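Structure first, then comments.
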Amino acid sequence: MNEDRSLYPEHDENGKPIIDLESHKFLKLWQGPQHPGITGNMSLELTVSGDEIVESKTHVGYLHRGFEKLLERRLFVQCMPTSIRLCVAEPDPNEYIVSTAVEELGGIEIPDNAKWLRMLSLEMARLQVLLRGVPGQAGTFALGLGYQWGNYLRDLILDSFEELTGGRVYHMYIIPGGVRGNLPEGFKGRMLEKLKLIDEFVVKIDKLIFQNVVFESRAKGLGHIPKEWVDKYGVYGPAARASGVMRDVRKTNPYLNYDQLDFEPHVTTEGDVYARSVVRYNDLQMTVDMIRQILDKMPDGGDIRAQTPNVLHWKIPKGETYVKCESSRGEYGMYFVTDGSDKPRRAHLKGPSYTHANALLDKLLINANIADTAAIMVSLATCPPEIER
Amino acid sequence: MDYSITKFLWSLLGLFIILNWGMLMSSTMRRVGARLAGRIGVPMYQPWIDLAKLMALKTWLSHGVMYYIGPVFRLVGGVGMFLFMPIIFGSEIWSNYSFSGDLILLLYFQSFGMLGMAMGASDSSSPHASIGISRGLAQFAAVEVPMTLAVIAIAIQHQTFSFNSIMEAQQGGVLNWTIFTNPLASIAGMLAMLGAMSHSPFNLVKAPNEIPIGPPTEYHSSFLSVLRTNSAIIHVVEAALFMNLFFGGADTWLMYIVKTFFVYFISVFVGMVFPRMKVEDSVRWFLKWPTAVGIIAVLVAAYWK
Amino acid sequence: MQKGINNLIEKFGASDLVERRSGLSFITVDQTKAVAAITHLKDIDGYTVLSFITAADWIEDGKMQLTYMLNNPAEVAEIAIRVMLERKKEAGESMETIHHLWPNAKKWQQELKEMYGVDFPTSPGVNDSFILEGWDDMPPNRRDFDTKQYAEDTFFPRGGRVTHDPATYMREQLDPKDPQYYTKKKKKDINS
Amino acid sequence: MEEKKDKFLAPENEVRQVSAPDGSIIEVDPLKDYFSQEKPEPYKVGSGPVENFLNWARAESLWVLGFGTGCGSIEIPPLVTPRFDMYRFGVQMRATPRQSNVFIISGYLAIKTLKRAIRAYEQMPSPKYIVALGSCTINGGMYYDSYNTINRLDQYLPVDAYIAGCMPRPEALLAGFAELKKLIKAGKGHKANEYVENLEWYKTNQKKIIKDWNMPDYNW
């Protein structure tokens, strides 16, 4: 989108558009919280002139549960079931960052097998998000067919999660000290079968969405993020990679055993909605490949948990840390402060949606068409619960 | 024209059949779409239950007189289109109130419902309704151009503005259908049909991700049941319009059902695999290719006659 | 040592350096010099990304800690600048704004104002409500706000929610007659 | 009280002067002029075979409002996609409250969302039903001690069916819809009347936690 708003409406000396609602030239339009084009429970306060958005403001807080306050009242082990609900769509990174923060401050080393199992669970979580998210991008332009197919495959991955962890959406698999269980009998074979289905799906999606004339014409040039904005506005993950900046925590700060895997995140320079969906499409293929590698390189059995103190009386000395991992949306981190008691002093979640959905979205929506708000939001993979927590 | 009470009753019966066929067709199409996605889809009888349910809901809201009249206008548009088009070719009782200039009247009735809806929806004080209806009118104005050009080309070809004569000229084998005798006009007309049917990529009016769900946002209970009745009728009648113009009309009820099903299926099929266009792109598109084809069709028809 | 930390210590008098791991350091900077130090880190040392701003309430020390997490993507390094504000009894600590360095800082500052009561004068929209709506109690993330008490007073809790001390409760449930049963059994298992 | 109301009033709802098309200046009070102040009346519940038929139709055609209020909404997409496919049972999604008659409260309700949920609920045509998902709506669940989420939904809105779990599986949701259908067919689905009859009590509870009540008492 061009930033030149010099023509209409008129601007005051500070560069703010002069909007007089009583003049009937502008309309205030609320999208959300009850709106099918909004990713989750948030709302956009749009000022439109005709079909064009003149000013946009994001409103969040509809999902605020006060997590950071609640975690201050929980034992370290009680933090786990609470914190996984921070972002519903992809709960595993929450488990990972909280348990890693506790381990780091508590001085616990986890066994190698647990690392591989954690990677498996994280990558499966990413896979189930992308199976919905990649065709979901076309869903914002009312091409729902791929979304239906993707959701079916996502359900298969959730079945695998159930097999591995016992939970469908909330797994609580990664806990301080390791993971909760080893691979079930025959899990690898069944997972590989499902990955084959996903390979077929990937081909179909390419034909249905990325070679579609209308999709191309609508997505190309839409919601353009220049390279300079990546640092200025805090753009992470696939959105940054679509603007030509390599941002992938797995590559830059390898955690767990990611340095033993062979993968190369896709980087492109266009920076529009189409580029972002292509990057996420490539992520999907890469994730499938990574799960294959993980299943291949994983040791057969072995310790899955390190010895931890009694979790009911676990006191961690004063300290603070910042742990991060790569979620499907970008860098996902936890700032964790302990004060020597059995409860955290402060836990602050930093999700990419915070910067994506606030300052950046307000900027991107200016000059866009009201028909395109959903597409721009989905391409940034906004997840409201991690904004307000 | 025959204005007897029997004629009226036959037309009413035809309307009843078409209403039920339209509802059956809509659930069938939803099932087809569901199968494509890998689902089972709604039961065949779902539209009737929905209609009964909507009548069973309490109406307690008003936005003024036009708000009440809007759905009625819309229904009049649909029923008017039905009344002035012969259902079965060559049948006296199923010819409705067709007369020699019915094609022109029909083109008018096509926009009648939309205009009525525009007045009702803009009175319903929902911004989404106003945006939806302005999109709808803009697109409809663009759709009318290739459609009218196609109709003119056919009228020149057959030297008539009457459905009966156009259908008559197409009898005697598949190769006599307009789609073979006048392919250019047919292409322009069928592309216009995609717009008139309001399926993706041209379903701008009820775009759920953008303006949920356009003009009927505020309409509920019995208002909505009127709108749904109308949409069931209008889908069949629109399909019948194009069937009569390009596919040789129908001489039995079976033919009518089969042909309308397939004509409607074309738009659904296209809609399943294409995302929605933006309104400016859609208007531009209609004024570009279908219009160009339509102009050529008119010139060709005028030259050969 | 990470790039920029020497500068911080020499020029801005930073103290309490904790190197958590390679590429992540925590350091305390005086309130008056913090914005200058952050600007220096951003413009000269390449810490171009602001990961977040947050606060931690050290009520017993009378301090309100602000943490600015800065990221240097080129060198893969992070510095957390701690700023210790004097904690006031009623909310209303004040800190300089950094929204001119990163436009999204204004949202964190707005959140801190709302959730902790730390004011950032001249930050745009800092007094607007961000997450809460119609809140009229003290900022909820401050340590002295008792969320459980507030919830019980406000939200009609349904009865039946009981909390036990896990250790004693488990013993009672396993063998109510002999409270030491569980401990004894465990010892026996280990011995055998 | 009056002063407090002004504090939370949105700028577009303030009393102000506007110029009419003919040039005259008039004063409008949006809350009084643009919204209806009418109190709702309970509707008449019929009886006999006609009512039974209508109840059957209401039960077999449940239109769900597409408003994901909490985490439970993550299990709604599986319901409309191949694996679970709730369209088979006549349950469909609608985008606007005016056309839907089932409101799924999917999990915890933050106070800010509760205000929107009340508005959406009051806009739905009767008879309308609320299905509450998850333990959060029953007793607060995970967030029993949170300052921003309600503990018991039935204090604020009348609930027809609870589906327990955190979060309930899609199968549980389908079972919940089946239960709701049974209730409606038995003629017990008239909680909307209960809401209207006890409006005072509900409004007192709602206003206790929604402190910036800057909308009409009943949102038509």
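Going line by line, the protein sequences match chains A, B, C and D. Heads up, the first sequence stops at 453 in the working numbering, and the numbers go up one at a time, no gaps. Heads up, the second sequence stops at 313 in the working numbering, and the numbers go up one at a time, no gaps. Heads up, the third sequence stops at 225 in the working numbering, and the numbers go up one at a time, no gaps. Heads up, the fourth sequence stops at 1634 in the working numbering, and the numbers go up one at a time, no gaps. Beta carbons are placed, not taken as given, at the ideal position from N, Cα and C, and that holds for glycine. The structure presented is a predicted model; accordingly, all values stated were derived computationally and were not measured.
In chain C, which residues lie with their C-beta within 9 Å of the C-beta of residue i?
i: Glu132 of chain A; result: Thr87, Met148, Asn174
i: Ile1519 of chain D; result: Here the premise fails: no neighbours, minimum Cβ distance about 15 Å.
Considering Cα atoms alone, identify which of the options is closest to residue i.
i: His197 of chain C; options: A:Gln324, A:Leu376, A:Ala445; result: A:Leu376
i: Thr1527 of chain D; options: D:Ala1473, D:Trp1470, D:Phe1467, D:Thr1483; result: D:Thr1483
i: Pro154 of chain B; options: B:Tyr311, B:Ala310, B:Leu307, B:Leu295; result: B:Leu295
i: Leu1571 of chain D; options: D:Pro1496, D:Val1432, D:Thr1551; result: D:Thr1551
i: Ala247 of chain B; options: B:Phe117, B:Arg82, B:Asp131, B:Leu202; result: B:Leu202
i: Met1556 of chain D; options: A:Ile161, A:Gly250, A:Thr146; result: A:Thr146
i: Gly231 of chain A; options: A:Asp219, A:Gly241, A:Gly242; result: A:Asp219
i: Tyr1448 of chain D; options: D:Arg1430, D:Gly1460, D:Pro1511, D:Ile1564; result: D:Arg1430
i: Met441 of chain A; options: A:His88, A:Asp176, A:Glu257, A:His99; result: A:His99
i: Ala435 of chain A; options: A:Gly298, A:Met350, A:Gly287; result: A:Gly287
i: Asn374 of chain A; options: A:Pro240, A:Ser417, A:Cys447, A:Gln357; result: A:Pro240
i: Lys80 of chain A; options: A:Ala439, A:Pro448, A:Lys427; result: A:Lys427
So, does the CB of residue i fall closer than 8 Å to a CB anywhere in chain C?
i: Tyr211 of chain A; result: no
i: Ile1440 of chain D; result: no
i: Leu425 of chain A; result: no
i: Gln1569 of chain D; result: yes
For a contact meaning CB atoms closer than 7 Å, what does residue i contact in chain C?
i: Thr419 of chain A; result: Asn137
i: Lys1625 of chain D; result: Gly167, Asp169
At the 8 Å Cβ level, is residue i part of the contact set with chain B, yes or no?
i: Ser405 of chain A; result: no
i: Asp1499 of chain D; result: yes
i: Ser70 of chain A; result: Residue placement at Ser70 of chain A is poorly supported in this model, since its pLDDT is 48, which falls under 50; the coordinates still yield a value, given next. Taking Cβ atoms only, chain B never reaches closer than 8 Å to Ser70 of chain A, which makes this a no.
Does the beta carbon of residue i come closer than 8 Å to any beta carbon on chain D?
i: Pro190 of chain C; result: yes
i: Val281 of chain B; result: no
i: Gly46 of chain B; result: yes
I want to verify the contact list: residues of chain A whose CB lies under 9 Å from the CB of residue i, in sequence order.
i: Met1629 of chain D; result: Within chain A, no residue comes near Met1629 of chain D; the closest Cβ sits about 14 Å away, beyond 9 Å.
Does any residue of chain A have a CB that is nearer than 8 Å to the CB of residue i?
i: Trp297 of chain B; result: no
i: Ile164 of chain C; result: yes
i: Thr1618 of chain D; result: no
i: Thr1551 of chain D; result: no
i: Lys267 of chain B; result: no
i: Asp289 of chain B; result: yes
Determine the chain A residues that contact residue i at a beta-carbon separation under 7 Å, and present them in chain order.
i: Thr1563 of chain D; result: Arg129
Name the chain B residues whose beta carbon is nearer than 9 Å to that of residue i?
i: Leu1547 of chain D; result: Per Cβ cutoff of 9 Å: no residues; Leu1547 of chain D is ~22 Å from chain B at best.
Who are the neighbours of residue i on chain A, taking C-beta pairs under 8 Å?
i: Asp1366 of chain D; result: The displayed coordinates of chain D run from 1415 to 1634. Any statement about residue 1366 of chain D would go beyond what the structure contains.
i: Ala1524 of chain D; result: Gly125, Tyr126, Leu127, His128, Arg129
Which residues of chain D have a Cβ atom closer than 7 Å to the Cβ of residue i, listed in chain order?
i: Ile57 of chain B; result: Ala1471, Glu1474, Ser1475, Gly1504
i: Arg53 of chain C; result: Ordered by position in chain D, no residue passes the 7 Å Cβ test against Arg53 of chain C, which lies about 30 Å from the chain.
Anything in the stretch 96-115 of chain C with a Cβ closer than 9 Å to a Cβ of chain A? List those residues in chain order, please.
-> Those would be Gln98, Thr100, Met102, Asn104, Pro106, Val109, Glu111, Ala113, Arg115, in chain order.
Below 7 Å between beta carbons is the criterion; list the residues of the stretch 94-111 of chain A that meet it against any residue of chain D, in chain order.
-> Look at the stretch 94-111 of chain A: the residues with a C-beta under 7 Å from a C-beta of chain D are Pro97, Gln98, Pro100, Gly104, Asn105.
Taking only runs that begin and end inside the stretch 294-349 of chain A, name each unbroken alpha helix (DSSP H) of 4 or more residues, in chain order.
-> DSSP assignment within the stretch 294-349 of chain A yields the following whole alpha helix (DSSP H) runs of 4 residues or more, N-terminal first: 301-306, 313-316.
May I ask you to list, following chain order, the residues of the stretch 175-187 of chain C that have a beta carbon less than 9 Å from some beta carbon of chain A?
-> Only Arg176, Phe178, Thr180, Lys181 from the stretch 175-187 of chain C bring a Cβ to less than 9 Å from some Cβ of chain A.
Whole runs of the alpha helix (DSSP H) within the stretch 105-143 of chain C, excluding any shorter than 4 residues | For the stretch 105-143 of chain C, not a single whole alpha helix (DSSP H) run of length 4 or above is found.
Can you list, in chain order, the residues of the stretch 1478-1495 of chain D whose Cβ is nearer than 9 Å to any Cβ on chain A?
-> Against chain A - using a Cβ distance shorter than 9 Å - the residues of the stretch 1478-1495 of chain D are Leu1479, Gly1480, Phe1481, Gly1482, Thr1483, Gly1484, Cys1485, Gly1486, Ser1487, Ile1488, Glu1489, Pro1491, Pro1492, Val1494, Thr1495.
At which residue ranges does the stretch 37-74 of chain C contain complete alpha helix (DSSP H) runs of 4 or more residues, listed in the order of the chain?
-> The stretch 37-74 of chain C contains these whole alpha helix (DSSP H) runs: 38-45.
The stretch 151-172 of chain A: which residues have C-beta closer than 8 Å to a C-beta of chain C, in chain order?
-> Residues passing the 8 Å Cβ filter: Glu168.
Give, in chain order, every residue of the stretch 222-238 of chain B whose Cβ lies closer than 8 Å to some Cβ of chain D.
-> Identification of residues in the stretch 222-238 of chain B having a C-beta nearer than 8 Å to some C-beta of chain D yields Pro224, Thr225, Glu226, Tyr227, His228, Ser229, Leu232, given in sequence order.
Enumerated in chain order, which unbroken segments of the alpha helix (DSSP H) with a length of 4 residues or greater are wholly contained in the stretch 334-421 of chain A?
-> Secondary structure remark: continuous alpha helix (DSSP H) runs of at least 4 residues inside the stretch 334-421 of chain A, in chain order: 337-361, 416-419.
If you scan the stretch 179-206 of chain C from start to end, which runs of the alpha helix (DSSP H) of 4 or more residues do you find wholly inside it?
-> Restricted to the stretch 179-206 of chain C, the alpha helix (DSSP H) segments that are unbroken, complete and at least 4 residues in length are 180-187, listed in chain order.
Near-chain D residues of the stretch 117-149 of chain A - C-beta to any C-beta below 8 Å | Going along the stretch 117-149 of chain A in chain order, one finds Gly125, Tyr126, Leu127, His128, Arg129, Gly130, Lys133, Leu134, Arg137, Pro145, Thr146, Arg149 with a Cβ nearer than 8 Å to chain D.
May I have a chain-ordered list of the beta strand (DSSP E) segments no shorter than 3 residues that lie completely inside the stretch 1495-1548 of chain D?
-> Runs found: 1505-1508, 1516-1520, 1543-1547.
Which of the residues in the stretch 204-238 of chain A, read from start to end, lie with their CB under 7 Å from any CB of chain D?
-> Flagged, chain order: Gln212, Asn215, Tyr216, Asp219, Arg232, Val233.
Can you give me, in chain order, the residues of the stretch 248-262 of chain A that have a beta carbon less than 8 Å from any beta carbon in chain C?
-> Taking 8 Å as the Cβ-Cβ cut-off against chain C, none of the residues of the stretch 248-262 of chain A qualify.
According to a CB-to-CB cut-off of less than 9 Å, which residues of the stretch 211-222 of chain B neighbour chain A?
-> Here the close residues are Asn211, Leu212, Ala215, Pro216, Asn217, Glu218, Ile219, Pro220, Ile221.
Which of the residues in the stretch 340-370 of chain A, read from start to end, lie with their CB under 7 Å from any CB of chain B?
-> Against chain B - using a Cβ distance shorter than 7 Å - the stretch 340-370 of chain A contributes no residues.
With 8 Å as the C-beta to C-beta threshold (strictly closer), list the residues of the stretch 175-206 of chain B near chain A in chain order.
-> Answer set for the stretch 175-206 of chain B: empty.
Can you list the alpha helix (DSSP H) stretches of 4 or more residues lying completely in the stretch 168-219 of chain A, in chain order?
-> Runs of the alpha helix (DSSP H) inside the stretch 168-219 of chain A: 176-203.
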